[in-house]
């Protein structure tokens, strides 16, 4: 880099170097070994066990069979009968994750934009609030929404007490809510429903959306939009033609990351989603720790989830590169 | 338009706060119920959570051990990797950093399943120390990022100056690099601490039901029936998070850590 750099490195006396060198080497080796063992080996184990075989009434054995994968795609009774139950579960994983991540990013975007325009000190206060809610466990958040959405407390009760339910019935919208599965004959209900699931999942990643969008938005050059404004562009036009195009990539990247994160969400789905809409993550748990006790098939599902996530990330990466090249 | 902005931010804050407020409020209930607003408010639950109910005090103790252990270990692992990455930029250091962030980047349930098998093979399944290592590995990516940000903020000319004045690499490290990265290291430590405290799915697989942290205990209670003590746990966690992040904001530069532009204030 500079001349000083060249001076800095070589003059280390040979004696200290030869003494220090092996320790550094050993430490580096240990560190690498540690990282490989703990960060990589677990994934390899999952992959290896996904080819294993379950023994009826016992645990499982190592093997190399593709039965589990076959079961994942066409069901256990194939070729006599074909079912897409497991693909459907993966489909629900995608369904919930896509909608929830998009909802989170679209609502977080205006918020973050407003946030970056505040004074530095107020930004820090908001960030503390957002980080606190971000770090709050999935379990607490689900518990909070569980209270808010369950029938005896929370919103349905509020609807009833305030006469909103009666009003909805008068107007005729109540029937629409019933069609959507958001009401029983007497009152609105949110458990179990797609609405509650998506709301909670979206809430879960909303702070992440803000944190991920924040760097890009805080680097937006205000002079650009100011210039556009001076030239007579309306606020909406500026947003559409200057701001949005310049944050297209972070916006896309954020949605993708949140989507991948949500693919594996477990607690919100078990509590809020209807049992026939349970996702692969729930099935993985049921196979590995829960009632089914079929570790190899659980691993297969985990691998399929991992592959889906990787494919999405890879496609996103390709898209990103192409967009940047342009 | 300005008013609209204020309203939007206020609304976002309201929705963000709503479930949290409800959980906290529910802690004051006296019966085994979860009404909001609380019926017959009492502070008894706090005593149960911190002192008298062994189920909760054990869980709290496990959570504290796992979080502090994991945060320490994660920082110790992340430091050399971030330092190598910054000082050499070698292929090995990039590989290590990439592999080190892998567990954090994939859906956590997959890593949880993998660790479950891993510990089952070497006897760590259901041991608290295995939980500590698992969380350290999972969250190592965070101090790696904060420490890297800190290292990048060091003016290389300071190092050149130190070298010109005859400081060896070790001395320069001790006198220039270390002091300037301390706030970032501490931030990384706290990020791991808080996230480990709140992590659920990995510890769920790794603990194998032989011990419970507070989040696990809450999940069990969520399924088996509600006790307001759960809500006390939530309040405790929230308080810890707010205190920790406020400290980071007070003594570190939170907007910068979150990637804000330096040149503007």
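Chains as they are written, first to last, in the working numbering: chain A, 1 to 326; chain B, 1001 to 1265. For each residue, glycine too, the CB sits at the ideal point set by N, CA and C.
Of the residues A/171, A/165 and A/170, which one's Cα is nearest the Cα of residue 182 of chain A? A/165
Going along the segment 211 to 227 of chain A in order, which residues come within less than 7 Å of chain B, judged by CB to CB distance? 211, 214, 215, 218 and 219
Could you run through the segment 1218 to 1247 of chain B and flag, in chain order, every residue whose CB is less than 7 Å away from some CB of chain A? If you check each beta-carbon in the segment 1218 to 1247 of chain B against every beta-carbon of chain A, the ones closer than 7 Å belong to 1218, 1219, 1222, 1230, 1234, 1237, 1238, 1241, 1242, 1245 and 1246.
Which chain A residues sit within Cβ distance under 9 Å of residue 1103 of chain B? Within chain A, the C-beta atoms nearer than 9 Å to that of residue 1103 of chain B come from 38, 39, 42 and 43, in chain order.
According to a CB-to-CB cut-off of less than 7 Å, which residues of the segment 1100 to 1129 of chain B neighbour chain A? 1100, 1102, 1103, 1106, 1107, 1108, 1109, 1110, 1111, 1113, 1114, 1115, 1116, 1117 and 1118
Take the Cβ of residue 71 of chain A as the centre, count every other Cβ of all protein chains shown within 10 Å, and call the residue buried at 16 or more, exposed below. buried
Any Cβ of chain B within less than 8 Å of the Cβ of residue 302 of chain A? Yes, residue 302 of chain A lies at the interface with chain B (some Cβ there is under 8 Å from its Cβ).
Could you check whether the segment 207 to 227 of chain A touches the segment 245 to 260 of chain A, counting it as contact only if at least three pairs of C-beta atoms, one from each stretch, sit closer than 8 Å? yes
At 4 residues or longer, and completely inside the segment 202 to 246 of chain A: list those alpha helix (DSSP H) runs for me, N to C. 222 to 230 and 235 to 238
Just checking my contact of residue 1150 of chain B with residue 1175 of chain B at CB under 8 Å: how many whole Å lie between their CB atoms? Contact check for residue 1150 of chain B and residue 1175 of chain B: beta-carbon distance about 16 Å, past the 8 Å limit, so the pair fails to qualify.
If you reduce the DSSP assignment to three classes, tell me which class residue 186 of chain A lands in. coil
Where residue 78 of chain A sits in the DSSP three-state scheme: coil
So, using beta-carbon positions, are residue 1069 of chain B and residue 1081 of chain B closer together than 8 Å? no
What is the C-beta distance between residue 95 of chain A and residue 1109 of chain B, in whole angstroms, given that I count them as a contact (C-beta under 8 Å)? Contact flag wrong, Cβ pair sits at about 17 Å.
With the cut-off set at 8 Å, would you say residue 1248 of chain B and residue 1190 of chain B are in Cβ contact? yes
Partner residues on chain A for residue 1142 of chain B, Cβ-Cβ distance less than 9 Å: Neighbours of residue 1142 of chain B on chain A: none; closest Cβ ~11 Å, over 9 Å.
Just checking: is the beta-carbon of residue 138 of chain A within a distance shorter than 8 Å of some beta-carbon in chain B? yes
Evaluate residue 119 of chain A with the Cβ neighbour count: other Cβ atoms within 10 Å of its Cβ, from every protein chain shown; 16 or more gives buried, anything less gives exposed. exposed
Is there a Cβ from chain A that is less than 8 Å from the Cβ of residue 1202 of chain B? False, the Cβ-Cβ gap to chain A never drops below 8 Å.
Taking Cβ positions only, does residue 145 of chain A come closer than 8 Å to chain C? Among the chains of the structure shown, chain C does not appear; the protein chains present are A and B.
Please classify residue 52 of chain A: is it buried, with 16 or more other beta-carbons within 10 angstroms of its beta-carbon, or exposed? buried
When you compare only the Cα positions, how much space is there between residue 305 of chain A and residue 264 of chain A? 8 Å
Starting from residue 263 of chain A, trace the alpha helix (DSSP H) in both directions and tell me its first and last residue. 248 to 263
Grab the span of the alpha helix (DSSP H) containing residue 171 of chain A for me, first residue to last. 164 to 171
Check whether chain B comes within 8 Å of residue 290 of chain A, counting only Cβ atoms and requiring the distance to be less than that. no
Assign residue 285 of chain A to one of two classes, buried (16 or more other C-beta atoms within 10 Å of its C-beta) or exposed (fewer than that). With 16 or more Cβ atoms within 10 Å of its Cβ, residue 285 of chain A is classed as buried.
According to the Cβ coordinates, are residue 144 of chain A and residue 1019 of chain B closer than 8 Å? Yes; because the gap between Cβ atoms is below 8 Å, this pair is in contact.
Can the beta-carbon of residue 1115 of chain B be found less than 8 Å from the beta-carbon of residue 1205 of chain B? A contact, by the Cβ cut-off of 8 Å.
Should the segment 233 to 249 of chain A be called in touch with the segment 77 to 85 of chain A, which here means at least 3 C-beta pairs below 8 Å? no
Under 8 Å between C-beta atoms, does residue 296 of chain A make it to chain B? no
If the cut-off is 7 Å on Cβ atoms, which residues from the segment 308 to 319 of chain A count as contacting chain B, listed in chain order? 309
Based on Cα-Cα distance, which residue from B/1005, B/1128, B/1012 and B/1240 lies nearest to residue 1210 of chain B? Taking each of B/1005, B/1128, B/1012 and B/1240 in turn and checking the Cα distance to residue 1210 of chain B, the smallest one comes out for B/1128.
Given 7 Å as the limit, tell me if residue 47 of chain A has its C-beta closer than that to any heavy atom belonging to the ligand FMN. Ligands in the displayed structure: none, and consequently the ligand FMN is not present.
Note down the Cα distance separating residue 73 of chain A from residue 307 of chain A, rounded to an integer number of angstroms. 14 Å
Residue-chain proximity (residue 306 of chain A, chain B), Cβ-Cβ < 8 Å: yes
Across the segment 103 to 123 of chain A and the segment 182 to 197 of chain A, are there enough close Cβ pairs to call them in contact, namely three or more that are closer than 8 Å? No contact exists between the segment 103 to 123 of chain A and the segment 182 to 197 of chain A.
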